[in-house]
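Read through the structure below, which is laid out as structure tokens, and then see the notes.
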Amino acid sequence: MSTSEKAGLPEDYVTGIEEIDRQHGNLIDLVGEARRTLHSDSSPARLGAVIRELLSYSIYHFETEERLMRQYGYAQAQPEDAELHIRQHRSFSQQVAKLQEEAAAHRQVDTTELIRFLLEWIDRHIRQTDRKLAGFILAERKP
Numbered sequence: 005m006s007t008s009e010k011a012g013l014p015e016d017y018v019t020g021i022e023e024i025d026r027q028h029g030n031l032i033d034l035v036g037e038a039r040r041t042l043h044s045d046s047s048p049a050r051l052g053a054v055i056r057e058l059l060s061y062s063i064y065h066f067e068t069e070e071r072l073m074r075q076y077g078y079a080q081a082q083p084e085d086a087e088l089h090i091r092q093h094r095s096f097s098q099q100v101a102k103l104q105e106e107a108a109a110h111r112q113v114d115t116t117e118l119i120r121f122l123l124e125w126i127d128r129h130i131r132q133t134d135r136k137l138a139g140f141i142l143a144e145r146k147p
């Protein structure tokens with residue numbers, strides 16, 4: 005069974021790094037679960053809980069990627085790419101935290117727009133930024 009089959013990822017999302025691929029699959033599953041949940045219950049309390057869970061898992065995933073960056077010396081070898089990657093993580097976390105604050109304040113959050121934002125960001129980040137990091141790590145792992 006291939007890494008992509010195990011993680012349930014589309015082939016063009018596969019990085020070849022099992023830990024990252026598994027986490028990407030989990031993150032995509034969480035967004036799908038959020039979509040289903042918010043379709044039936046988009047109350048402020050439920051929305052806040054969904055956003056909290058997504059933010060928490062995203063931060064966990066970003067910490068994994070950043071640990072791998074340090075482990076393989078990505079910032080030393082590719083400083084601009086590493087800086088961009090980390091900036092994207094911080095920006096995403098800040099945007100989702102802002103949505104969490106809006107939900108906590110019972111302000112209107114467009115759940116359709118939220119899901120679209122999450123899916124588009126994940127798609128772009130995996131296909132571009134994460135695959136570049138993975139290519140570097142896989143090259144470093146070769147003897």
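Mapping of the sequence shown onto my numbering: position 9 corresponds to residue 13, and the numbering continues sequentially without gaps. Using N, Cα and C, we set each Cβ at its ideal position, and we do this for glycine too. Only a predicted model underlies this, so the values are computations on that prediction, with no experimental measurement involved.
Self-check item: Buried or exposed by the 16-neighbour rule on C-beta atoms within 10 Å, applied to D62
Solution: Taking the sequence shown and counting its residues from 1, the one referred to as residue 62 is at position 58. It is worth fixing the name first, because residue 62 is Ser in this sequence and not Asp. Its Cβ being crowded by 16 or more others within 10 Å, S62 is buried.
Exercise. Enumerate in chain order the residues of its own chain whose CB-to-CB distance from T116 is below 8 Å, with the five nearest sequence positions on each side excluded.
Key: Taking the sequence shown and counting its residues from 1, one reaches residue 116 at position 112. Contacts found: none.
Practice problem: Would you tell me roughly how many angstroms separate the C-alpha atoms of F140 and Y78, rounded to the nearest one? | Solution: What you label residue 140 is simply residue 136 of the sequence shown in a count that begins at 1. What you label residue 78 is simply residue 74 of the sequence shown in a count that begins at 1. Cα to Cα, F140 sits roughly 8 Å from Y78.
Quiz prompt | Coil, strand or helix - Q112 by DSSP | solution = On the sequence shown, position 108 is the one that residue 112 refers to. Here Q112 sits in coil by DSSP.
Quiz item: Helix or strand or just coil, what does DSSP make of Q82?
Solution: The residue labelled residue 82 in the question sits at position 78 within the sequence shown. Looking at Q82 - three-state DSSP - the assignment turns out to be coil, as it is neither helix nor strand.
Exercise. Please classify D25: is it buried, with 16 or more other beta-carbons within 10 angstroms of its beta-carbon, or exposed?
Key: For this step, residue 25 is matched to residue 21 along the sequence shown. In summary, D25 is buried, with 16 or more beta-carbon neighbours lying within 10 Å of its beta-carbon over all protein chains present.
Exercise. Just the C-alpha distance for H28 and R39, rounded to the nearest angstrom, thanks.
Key: Numbered from 1 along the sequence shown, position 24 holds the residue referred to as residue 28. Numbered from 1 along the sequence shown, position 35 holds the residue referred to as residue 39. Here the C-alpha atom of H28 lies approximately 17 Å from the C-alpha atom of R39.
Quiz item: If you follow the alpha helix (DSSP H) that L31 is part of, which residue opens it and which one closes it?
Solution: Numbered from 1 along the sequence shown, position 27 holds the residue referred to as residue 31. Its alpha helix (DSSP H) spans residues 22–44.
Quiz item: So what does DSSP say about K136, is it helix, strand or coil?
Solution: As a first step, residue 136 is located in the sequence shown; it is residue number 132 there, counting from the start. K136 carries a helical assignment under DSSP once its states are collapsed to helix, strand and coil.
Quiz item: Pick from G36, E37, A49, E22: whose alpha carbon is nearest that of H110?
Solution: For the purposes of this step, residue 110 is taken as residue 106 along the sequence shown, with counting starting at 1. Selected option, being the one with the closest Cα: A49.
Quiz item: Where do the ends of the alpha helix (DSSP H) carrying V54 lie?
Solution: Stepping through the sequence shown from its first residue, residue 54 is reached at position 50. It spans 48–75 - the alpha helix (DSSP H) in which V54 sits, taken as one unbroken run.
Quiz item: Nearest to E144 by alpha carbon, out of Q80, T133, D16, Q98?
Solution: Position 140 of the sequence shown holds residue 144. Per the Cα distances, Q80.
Quiz item: Secondary structure at L13, three-state DSSP: helix, strand or coil?
Solution: Taking the sequence shown and counting its residues from 1, the one referred to as residue 13 is at position 9. Under the three-state reduction of DSSP, L13 is assigned to coil, being neither helix nor strand.
Quiz prompt | Residue from P83, I32, A138 whose Cα sits closest to the Cα of F121 | solution = Here the question's residue 121 lines up with position 117 in the sequence shown. Ranked by Cα distance from F121, the first of P83, I32, A138 is I32.
Quiz item: Would DSSP call V100 helix, strand or coil?
Solution: The residue you call residue 100 lines up with position 96 of the sequence shown. Judged by DSSP in its simplified three-state form, V100 adopts helix.
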